[in-house]
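The structure appears right after this line, and notes come after that.
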Amino acid sequence: MDLDITAEQHDLLTLCALRVGDASLDWSLLARSAQSPEGLAALMDGRLSEDSRAATKNRPLLQQALAAGLDDARARVDEELAAAAEAGARLVTVLDKDYPANLRVIGNLPPFLFYRGELDQRDARSIAIVGTRQASEAGLRRAARMARELVDHDVVIASGLAKGIDAAAHQATLTAGGRTFAVMGTGIAAPVYPAENRPLAKAILDAGGALLSQFWPTSPPAKYTFPRRNVVTSGTTLGSVVIEASSTSGAKMQARLAAEHGKLVFLIRSLADTQPWAKKMLDEDRAILVTASSDITNRLGQAADIQAAGQQRQQLALAGL
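Under the UniProt record's numbering, the first residue of the sequence shown carries the number 1, and numbering increases by one thereafter.
So, in C-alpha cells, the structure goes:
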C-alpha cells in the first residue's frame, strides 16, 4: 500500500532530507518557515524570511543544497515513504490541518510525524506522565494511579513507551478504558524499542490509540533520538507530570522542556521531597506541586487557555502582524 501524500508534503520531506556534506538543515526552522506567509514555495526557492540565528546559519546551507539538486533527497524520501507504507503508517505535516494543535505552538516543532493508529481531537486534552526507566515499585504504583484518575476525568494520557514509569502509565490507561498515545524514540517502521514493550505498543493500537514518530521511518534507536522524543512528548500535551526522576533522567529534561514550551509542569510530592532539581523548579514557580490528581484537572482549563493564546500569537506572527 502506498502512502497518499501531496506534492507539497513530498517537497517538505525533501527539504528535510537535503544535506551538505555531513550537515543537514534545521528541521524546526523548516517547520516554522513552511507555515509562514511565503511558505513552502520560498523554501524551495532557497529563501528563509525568519530573522534568527538559525536562519542566518541555515540560509547558505539551503541554497547550496538546492543548487546541488534534489534527486538524492527525493530518492531518500521515496525509500522512507515505502517503509512507512509497508508498516501501515501515515503521515501528517505542519502543512496539514490534522497536525497536533498543541505541538504546533512550540518553537522547536518537528516538520512531520509518521504515525500508526489514529490521531484524535481528544488529544488536545492530554497530559504526559513520565519518569525513570529504573522505577521503584512505589513509583510504578503512583504512575498507574495517576493515569487511572486522569482517565476518570477524560484526560488522554501520553508517554514515551519506555520501560518503567512510561509503560506503567500506558498500561494503566488501557486497563481503565482510556485513550493513550506513545511518542517513540525510533522510526515508525523500525522495531518497537524496547522489545519488551512491543505487546504494549500493539495493545495501544488495538485500543484505538496511536504511536507517533518525528523521525525517518527506518530510524533505529540512538542516543540522540530519546531527548528529541521528549520534545514531542511535551509538545503534544497540555502539561507533563513527572513521577520519579533523578537529576540525569530524561524525565527531568522533559520537565525543563515543558516549562520552556509554556506547558504546565506537575511534580509529585515524593519527587519534590527527594530530588533537589524538583524542589528548585517548585521554588522558582516553574512547576506545580501535585498531591492529588485534582491539582492537575483543576488547571486543565488554564492550560487550554494558554495553548489557545499561543496558537493566536503564532497565527499573528506567521501572518507578519
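Every residue gets a Cβ at the ideal spot worked out from N, C-alpha and C, and that includes glycine.
Report the partner residues of residue i according to the DSSP bridge assignment.
i: S24; result: R19
i: F114; result: L91, S213
i: T180; result: I157
i: I288; result: F266
i: D129; result: The question names Asp, yet the displayed sequence has Ile at residue 129. Note: I129 sits in a beta bridge opposite V241.
What's the gap between the Cα of residue i and the Cα of residue j?
i: L48; j: A67; result: 15 Å
i: A84; j: T186; result: 12 Å
i: G46; j: P60; result: 8 Å
i: M281; j: D72; result: 46 Å
i: V290; j: A124; result: 21 Å
i: E80; j: F112; result: 13 Å
i: D152; j: I243; result: 19 Å
i: L43; j: D2; result: 26 Å
i: G107; j: W216; result: 20 Å
i: S136; j: L29; result: 39 Å
i: L211; j: G177; result: 17 Å
i: G131; j: Q64; result: 42 Å
i: D283; j: E260; result: 16 Å
i: A292; j: I129; result: 14 Å
i: A147; j: A172; result: 6 Å
i: D166; j: R133; result: 8 Å
i: L95; j: A138; result: 43 Å
i: G235; j: G69; result: 33 Å
i: G117; j: T175; result: 18 Å
i: A144; j: A89; result: 29 Å
i: D154; j: Y115; result: 23 Å
i: Q214; j: F226; result: 11 Å
i: D4; j: Y99; result: 16 Å
i: E38; j: R198; result: 42 Å
i: V92; j: I288; result: 33 Å
i: A190; j: D78; result: 16 Å
i: A245; j: Q254; result: 10 Å
i: A272; j: K279; result: 5 Å
i: K97; j: A195; result: 33 Å
i: N58; j: S33; result: 12 Å
i: A7; j: A82; result: 16 Å
i: A319; j: N102; result: Confidence in A319 is poor, its pLDDT being 47 and thus under 50, which makes the residue's placement unreliable; the coordinate value appears in the next sentence. Their Cα atoms are separated by approximately 19 Å.
i: G21; j: A31; result: 22 Å
i: A87; j: I188; result: 7 Å
i: R76; j: R19; result: 11 Å
Here's the rule: buried if 16 or more other CB atoms are within 10 angstroms of the residue's CB, otherwise exposed. What is residue i?
i: Y193; result: buried
i: R142; result: buried
i: R53; result: exposed
i: R122; result: exposed
i: Q35; result: buried
i: G301; result: exposed
i: S247; result: exposed
i: Q9; result: buried
i: D11; result: buried
i: K202; result: exposed
i: K223; result: exposed
i: D26; result: buried
i: G208; result: exposed
i: N298; result: exposed
i: A17; result: buried
i: T14; result: buried
i: A251; result: buried
Would you mind listing the alpha helix (DSSP H) stretches within the stretch 24 to 107 that are 4+ residues and don't spill past its ends, in chain order? Secondary structure remark: continuous alpha helix (DSSP H) runs of at least 4 residues inside the stretch 24 to 107, in chain order: 27 to 34, 39 to 44, 53 to 68, 71 to 86, 101 to 104.
Using 8 Å as the Cβ pair cut-off and three pairs as the minimum, do the stretch 155 to 167 and the stretch 178 to 194 touch? yes
What are the complete alpha helix (DSSP H) segments, minimum 4 residues, inside the stretch 132 to 160? 137 to 151
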